[in-house]
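Here the structure is laid out as C-alpha cells; the discussion comes afterwards.
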Ligand code: SF4
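Numbering (our numbering), first residue to last: 683 to 773.
Right under this line is the structure:
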C-alpha cells in the first residue's frame with residue numbers, strides 16, 4: 683500500500699511571508715497570480731511587539747500536489763511532511 687505524504691505547518695511563527703510556497707503551488711497548478719491558491723499567507727500586525735506576523739493556511743486539496751517541493755522551497759523550514767497509510771495511521 684502506498685503511503686500518503688501529508689504536508690503540515692510545523693513552525694507557523696518562522697514564516698517570513700515570502701510566498702515562495704504559494705508560487706510553487708500555483709506553478710504546479712499552472713496558474714498565474716494568487717487566485718484559487720491551495721496555500722495562503724495571511725498578514726497580521728501584532729499589537730504587542732509592533733511587527734508583522736504571518737499565518738499559513740493549507741487547503742485540504744494541497745495533497746493533490748507535489749508537497750515535497752512545496753516543503754523544500756520554504757527558506758524558513760515552516761513545513762514538515764508526515765507519511766500516513768491510507769487508513770490514517772502515521773508511520
Ligand atoms: S511558509 Fe515558507 S515559503 Fe511560505 S511564505 Fe512562509 S517562509 Fe515563505
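Heads up, the beta-carbon is just placed ideally off N, CA and C, and yes, glycines get one too.
The closest heavy atom of the ligand SF4 lies 7 Å or more from the beta carbon of residue 734. For residue 693, DSSP records no beta bridge to any residue. A Cβ-Cβ distance of about 19 Å is found for the pair residue 745 and residue 702, leaving them out of contact under the 8 Å criterion. The closest heavy atom of the ligand SF4 lies 7 Å or more from the beta carbon of residue 744.
For the ligand SF4, no non-hydrogen atom lies closer than 7 Å to the CB of residue 749.
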